[in-house]
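**Student:** Have a look at the structure that comes next, please.
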Amino acid sequence: MRTVELLERRRQGWYELDSMCDKYRNFSSLKRPIAAEVTRFAALYRAACTDLAMAENLKLPPTTIDYLHRLVGRAHSHLYRSHRLPTSLWWTYIFETMPKAVFNDPCVKITGIIFFGLFSLAAMLSWAEGTFPKFGETILGKDQIRQLEGSFEKPLSGNIDQYASMAAFYIQHNTSIGLECFALGPLLIPSLFKLAYNAIVLGASFGYMARPDVAAGDTFFEFVTAHGVFELTAISLSAAAGLRLGIGWIVTDGLSRVDAFRVSAKKALPIILVAVALFILAAFTEGFISPSPLPYALKALFVIASASLLMFYFVILGYPKDGESNQQEGLT
Amino acid sequence: MTSFVKSVLAACAWLVAHARPIQLGSIRNSVPIDFMSLRNAIDLTATITTPENIQFEYRIAGPFRRIPAFLVDLIVRIATFLGVFFLVACSGIVQLFPFLSQFATIGVVVLLTYFMIDWFYGVFFETYWNGRTIGKWISKIQVISVDGRPISSYQATIRNFLRLADLAPMMSLEALLANDAPPLFVVPTGLVATVCMSITSRFQRLGDLAAGTMVVVDERAWVPPKVKLEDPRVSSLADLIPANFMMSRPMVRAVALYAERRMRMPVARRMELSAILAAPLMAQLGIRSDTSPDLFLCALYYREFVARPISIVESDAIDVGIPISQKTPVKYATESNLDPQPTTSSASPAIETSPQLPSGETP
Chain A
5 MRTVELLERR RQGWYELDSM CDKYRNFSSL KRPIAAEVTR FAALYRAACT
55 DLAMAENLKL PPTTIDYLHR LVGRAHSHLY RSHRLPTSLW WTYIFETMPK
105 AVFNDPCVKI TGIIFFGLFS LAAMLSWAEG TFPKFGETIL GKDQIRQLEG
155 SFEKPLSGNI DQYASMAAFY IQHNTSIGLE CFALGPLLIP SLFKLAYNAI
205 VLGASFGYMA RPDVAAGDTF FEFVTAHGVF ELTAISLSAA AGLRLGIGWI
255 VTDGLSRVDA FRVSAKKALP IILVAVALFI LAAFTEGFIS PSPLPYALKA
305 LFVIASASLL MFYFVILGYP KDGESNQQEG LT
Chain B
6 MTSFVKSVLA ACAWLVAHAR PIQLGSIRNS VPIDFMSLRN AIDLTATITT
56 PENIQFEYRI AGPFRRIPAF LVDLIVRIAT FLGVFFLVAC SGIVQLFPFL
106 SQFATIGVVV LLTYFMIDWF YGVFFETYWN GRTIGKWISK IQVISVDGRP
156 ISSYQATIRN FLRLADLAPM MSLEALLAND APPLFVVPTG LVATVCMSIT
206 SRFQRLGDLA AGTMVVVDER AWVPPKVKLE DPRVSSLADL IPANFMMSRP
256 MVRAVALYAE RRMRMPVARR MELSAILAAP LMAQLGIRSD TSPDLFLCAL
306 YYREFVARPI SIVESDAIDV GIPISQKTPV KYATESNLDP QPTTSSASPA
356 IETSPQLPSG ETP
């Protein structure tokens, strides 16, 4: 047996495997291949693997070994394909992993303090017109204040058209802001800036509207009551997920920086998913409940219910059970 | 160490190694260089070892495959968005929601489509299409985990969500258009991804680092053609080469590459190219200098791959089953009677040069 003879024998199988890979690259790979093809593919893959493993013994030319490396790599990633969404794990993920990730992550507390701290501070500064006469106007700008007042001058009312399109707009707009806050997390500063910017602008608007001389104030607070809990929590959580990502570069826990970053991404994903869900809930509330002429008591009831729901989700479901440490084991 | 520094070092090491007069058979008095790792550093391949203990290499996709893929995806996304818009606007889908006005329906559908395409296009495709989007399919690349496993939905989500950080910092629209354009920071520069890819060993952007993925080339590799040694003098010339002459691994590689590609070159080019290696080698081995260098390299190839018997154990007879098209079993197997003795490490002389001195030489 000589090398060249061996090459002649094997070559055909390699080419066939390559052609099958070409075929599975295409859209046809989305439907299931027939059993005979799968068996054939696996057999050819095994044969190519053996040839590659035996390359030294078989004295294959180096260029052929290179070719085999590529071929086996290709075939490997066609044989082991990506899985679909693991739907069977959703229940555990939504009702155990996600609340625990939120409850146990110190980043949630940090961004919570930053967001609600800046929010309250800006609200107070903006409200206290006598002490800080220019604050609200400087932060918001004259045009924005006029626009804000203009949109809440009339009492709340609307039709289904407005509700639906506003809900869709809020889903797109607000969730995108949250996801951007998360996505910029690895760079740390832009994410925190986005969070602080939103906190200060929202706070200033709230403070301005709470001034006794602003006529549109009552309508404004009636409007924001229902969805406020969901929305403010969501923006804070998405920044928490971003911060968790960015912290991974810095707090490595003995891992290499890249590994620590990867681990922190795994911890951050459940938090951002909670935030996305909250944004969507907030969007529906903001679209359908907030602008509706429902009595204020119903809206207040809704906000109490939503706050209790969040409490239940984060605290009751998220609280570490016996035997679990407070740290984030099991999540990584 | 970073891949860039590694490649530069590797290139320097290669230059140093090749700046000497040609390296002959056994490398003597020189630092042994790990050519495999050098090649990996230069070629940017990722070596994977599977649980079945099979080791193979992936070719990492560089930015010049990934940027076109990104642009194609961008176009596909815009086209899908416009397609949905016109479909909703022109067809009867608006009638499905009788409680909404036509305008509101279009608004809702368009906003939600935009949101879904903006954030979930890559997640969806990479999860359901084995790490590929349409752009990646066209540039023949694919996302896999760094450990060689397929990409999971979790990894697809992370790496696509983080694309925004990779595109940062955003440039103002003013810089791109005219001075009177609104100062919107919407033009991505992709600097973060560029820097990140150039300092990681697998061309990973931030999203890839966070998800533990890499982008590899999924393309039919260059197939070494059948080598035709038509000249009858090749075998007799091969006999003239001293029996104890062993080629180093890089030399085997060079000879094999030459033999596989020489048929595509004109004769003069063959002579010119082969003389670089053949001339000093023939002088050392005491072969007449008027021998054709092309013929000499063919003789080396013949000696290495055609004349030398290889030992194959019986279990190597691989049954690859029945081809789907033809119903006759094909065995790409060896007849066991050709070489019945089992492989042992001493039975086959090693190709690679050992760092030790040859036994005949005394220091």
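Same order as they appear, the protein sequences are chains A and B.
Quick note, in our numbering, the first sequence goes up one by one and the last residue is 336.
Quick note, in our numbering, the second sequence goes up one by one and the last residue is 368.
No residue lacks a Cβ here, since even glycine has one placed at the ideal position from N, Cα and C.
(1) At a CB-CB cut-off below 7 Å, which residues of chain B make contact with Thr-67 of chain A?
(2) So is Leu-11 of chain A buried or exposed if we call it buried at 16+ other beta carbons inside 10 Å?
(3) How big is the Cα-Cα spacing for Ala-91 of chain B and Pro-193 of chain B?
(4) Exposed or buried, what is Ala-238 of chain A when buried is set at 16 or more other beta-carbons lying within 10 Å of its beta-carbon?
(5) Would you say Glu-235 of chain B lies against chain A (beta-carbon separation less than 8 Å)?
(6) Mind listing the chain B neighbours of Gln-151 of chain A? Cutoff is C-beta to C-beta under 8 Å, in chain order.
(7) If we ignore side chains and look at the alpha-carbon of each, how far apart do Phe-306 of chain A and Phe-316 of chain A end up?
(8) Shortest alpha-carbon distance to Leu-206 of chain A belongs to which of A:Ala-244, A:Ile-143 and A:Phe-173?
(9) Which same chain residues, not among the five before or five after Val-112 of chain A, have their C-beta less than 8 Å away from its C-beta?
(10) For the pair the stretch 295–302 of chain A and the stretch 255–264 of chain A, tell me if three or more CB-CB distances fall below 8 Å.
(11) Just reading off the beta strand (DSSP E) that Ser-150 of chain B is part of, what are its end residues?
(12) Suppose the cutoff is 6 Å on Cβ atoms and the five residues either side in sequence are ignored; what does the same chain contact list for Ile-27 of chain B look like?
(13) Is Trp-94 of chain A close to the ligand HEM? I mean its beta-carbon at under 7 Å from any heavy atom of the ligand.
(14) Any idea which residues DSSP pairs Gln-60 of chain B with across the strands?
(15) Can you check whether the C-beta of Lys-87 of chain A is within less than 8 Å of a C-beta belonging to chain B?
(16) Quick check on Asp-222 of chain A - is its C-beta less than 8 Å from some C-beta in chain B?
(17) Are any of the Cβ atoms in chain B nearer than 8 Å to that of His-73 of chain A?
(18) For Val-221 of chain B and Gln-147 of chain B, which I take to be in contact (beta-carbon distance under 8 Å), what is that distance rounded to the nearest angstrom?
(19) Roughly how many angstroms separate the alpha carbons of Gly-154 of chain A and Phe-224 of chain A, rounded to a whole number?
(20) Could you run through the stretch 161–175 of chain A and flag, in chain order, every residue whose CB is less than 7 Å away from some CB of chain B?
(21) Cβ of Ser-203 of chain B less than 8 Å from any chain A Cβ?
(22) Quick one: residues in its chain with C-beta nearer than 8 Å to the C-beta of Asp-26 of chain A, no 5 flanking neighbours on either side, listed in chain order?
(23) Compute the Euclidean distance between the alpha carbons of Ile-156 of chain B and Phe-69 of chain B, then round it to the nearest angstrom.
(24) Taking any Cβ of chain B, which residues in the stretch 184–196 of chain A have a Cβ under 8 Å from it, in chain order?
(25) Please determine, among B:Lys-145, B:Leu-189 and B:Asn-249, the residue with the shortest C-alpha to C-alpha distance to Val-77 of chain B.
(26) Determine, for Phe-250 of chain B, whether the minimum Cβ-Cβ distance to residues of chain A falls below 8 Å.
(27) Relative to the alpha-carbon of Ala-198 of chain B, which residue among B:Arg-64, B:Glu-62 and B:Phe-75 has its alpha-carbon at the smallest distance?
(28) Using a Cβ-Cβ cut-off of 6 Å (strictly less than) and excluding sequence neighbours within five positions of Ala-126 of chain A, which residues of its own chain qualify?
(29) Phe-190 of chain B versus chain A: which residues are under 7 Å apart at the beta carbon?
(30) Please classify Pro-373 of chain B: is it buried, with 16 or more other beta-carbons within 10 angstroms of its beta-carbon, or exposed?
(31) Can you tell me whether Ser-157 of chain B is helix, strand or coil according to DSSP?
(32) By Cβ distance below 7 Å, which residues in the same chain neighbour Tyr-119 of chain B in space, the five residues on each side in sequence not counted?
(33) Go ahead and pull the three-state DSSP assignment for Ser-177 of chain B.
(34) In chain order, what residues of the same chain have a beta carbon less than 6 Å from the beta carbon of Gln-151 of chain A, not counting five sequence neighbours either side?
(35) My output table needs one value for Ile-38 of chain A: the three-state DSSP class, helix, strand or coil.
(36) Any idea if Phe-61 of chain B is buried or exposed, counting beta-carbon neighbours within 10 angstroms, 16 or more meaning buried?
**Tutor:** In short, the structure shows the following:
(1) As a working mapping, residue 67 of chain A is identified with position 63 in the first sequence. Simply Pro-229, Ala-261, Leu-262 and Glu-265.
(2) On the first sequence, residue 11 of chain A is found 7 positions in, with the first residue counted as 1. Leu-11 of chain A should be labelled buried.
(3) The residue labelled residue 91 of chain B in the question sits at position 86 within the second sequence. The residue labelled residue 193 of chain B in the question sits at position 188 within the second sequence. What sits at residue 91 of chain B in the sequence shown is Phe, not Ala. In a straight line, the C-alpha of Phe-91 of chain B is about 28 Å away from that of Pro-193 of chain B.
(4) Numbered from its first residue, the first sequence carries residue 238 of chain A at position 234. Per the 10 Å Cβ criterion, buried.
(5) As a position in the second sequence, residue 235 of chain B is number 230, starting the count at 1. No, Glu-235 of chain B does not count as interfacial toward chain A.
(6) Here residue 151 of chain A refers to the residue found at position 147 of the first sequence. Going along chain B, no residue has its Cβ under 8 Å from Gln-151 of chain A, so there is no contact; the nearest lies around 17 Å.
(7) Looking up residue 306 of chain A in the first sequence gives position 302. Looking up residue 316 of chain A in the first sequence gives position 312. Computed Cα separation, rounded: 15 Å.
(8) One-based indexing of the first sequence puts residue 206 of chain A at position 202. Leu-206 of chain A has its Cα closest to that of A:Ile-143, out of A:Ala-244, A:Ile-143 and A:Phe-173.
(9) For the purposes of this step, residue 112 of chain A is taken as the residue at position 108 of the first sequence. Only Val-106, Ser-240, Leu-241, Ala-244 and Ile-275 meet the Cβ criterion.
(10) no
(11) Along the second sequence, one-based indexing puts residue 150 of chain B at 145. Taken as a continuous stretch (DSSP letters only), the beta strand (DSSP E) holding Ser-150 of chain B covers 146–150.
(12) Position 22 of the second sequence holds residue 27 of chain B. Confidence at Ile-27 of chain B is low in this model, with a pLDDT of 38, below 50, so its placement is unreliable and no value can be given for it.
(13) Of the ligands one can find in the structure shown there are none, so the ligand HEM has no counterpart to examine.
(14) Against the second sequence, residue 60 of chain B aligns to sequence position 55. Gln-60 of chain B pairs with B:Thr-54.
(15) Taking the first residue of the first sequence as 1, we reach residue 87 of chain A at position 83. It is worth fixing the name first, because residue 87 of chain A is His in this sequence and not Lys. At least one chain B Cβ lies under 8 Å of His-87 of chain A.
(16) Here residue 222 of chain A refers to the residue found at position 218 of the first sequence. False, the Cβ-Cβ gap to chain B never drops below 8 Å.
(17) Start at 1 with the first residue of the first sequence, and residue 73 of chain A comes out as number 69. Interface residue, yes.
(18) Position 216 of the second sequence, counting from 1, holds the residue named residue 221 of chain B. Position 142 of the second sequence, counting from 1, holds the residue named residue 147 of chain B. Right, their Cβ atoms sit about 6 Å apart.
(19) The sequence position of residue 154 of chain A within the first sequence is 150, counting from 1. The sequence position of residue 224 of chain A within the first sequence is 220, counting from 1. Cα-Cα distance, rounded: 11 Å.
(20) Ile-164, Asp-165, Ala-168, Ser-169, Ala-172, Phe-173 and Ile-175
(21) Translated into the one-based positions of the second sequence, residue 203 of chain B becomes position 198. So, not an interface residue.
(22) Stepping through the first sequence from its first residue, residue 26 of chain A is reached at position 22. So no residue of the chain qualifies.
(23) Within the second sequence, residue 156 of chain B is the residue found at index 151, counting from 1. Within the second sequence, residue 69 of chain B is the residue found at index 64, counting from 1. Rounded to whole angstroms, Ile-156 of chain B to Phe-69 of chain B spans 22 Å at the Cα level.
(24) Glu-184, Phe-186, Ala-187, Leu-188, Gly-189, Pro-190, Leu-191 and Pro-194
(25) Along the second sequence, one-based indexing puts residue 77 of chain B at 72. Comparing Cα positions, the closest option is B:Lys-145.
(26) As a working mapping, residue 250 of chain B is identified with position 245 in the second sequence. No, its Cβ sits nowhere closer than 8 Å to a Cβ of chain A.
(27) On the second sequence, position 193 is the one that residue 198 of chain B refers to. Among B:Arg-64, B:Glu-62 and B:Phe-75, the Cα nearest to that of Ala-198 of chain B is on B:Phe-75.
(28) By one-based count along the first sequence, residue 126 of chain A stands at place 122. Here the set comprises Ile-204, Gly-207 and Ala-208.
(29) Sequence index remark: in the second sequence, residue 190 of chain B carries index 185 (1-based). Neighbours of Phe-190 of chain B on chain A: none; closest Cβ ~11 Å, over 7 Å.
(30) Since the first residue shown for chain B is 6 and the last is 368, residue 373 of chain B is missing from the structure and cannot be characterised.
(31) One-based indexing of the second sequence puts residue 157 of chain B at position 152. Reduced to three states, the DSSP call for Ser-157 of chain B is coil.
(32) The count along the second sequence starts at 1 and reaches residue 119 of chain B at position 114. These residues qualify, in order along the chain: Phe-86.
(33) Here the question's residue 177 of chain B lines up with position 172 in the second sequence. Strand.
(34) The count along the first sequence starts at 1 and reaches residue 151 of chain A at position 147. Result list for Gln-151 of chain A: empty, nothing under 6 Å.
(35) Along the first sequence, read from residue 1 onward, the residue named residue 38 of chain A stands at position 34. Three-state DSSP puts Ile-38 of chain A in coil, outside helix and strand.
(36) By 1-based counting over the second sequence, the position of residue 61 of chain B is 56. Classification of Phe-61 of chain B: buried, given that the 10 Å Cβ count is 16 or more.
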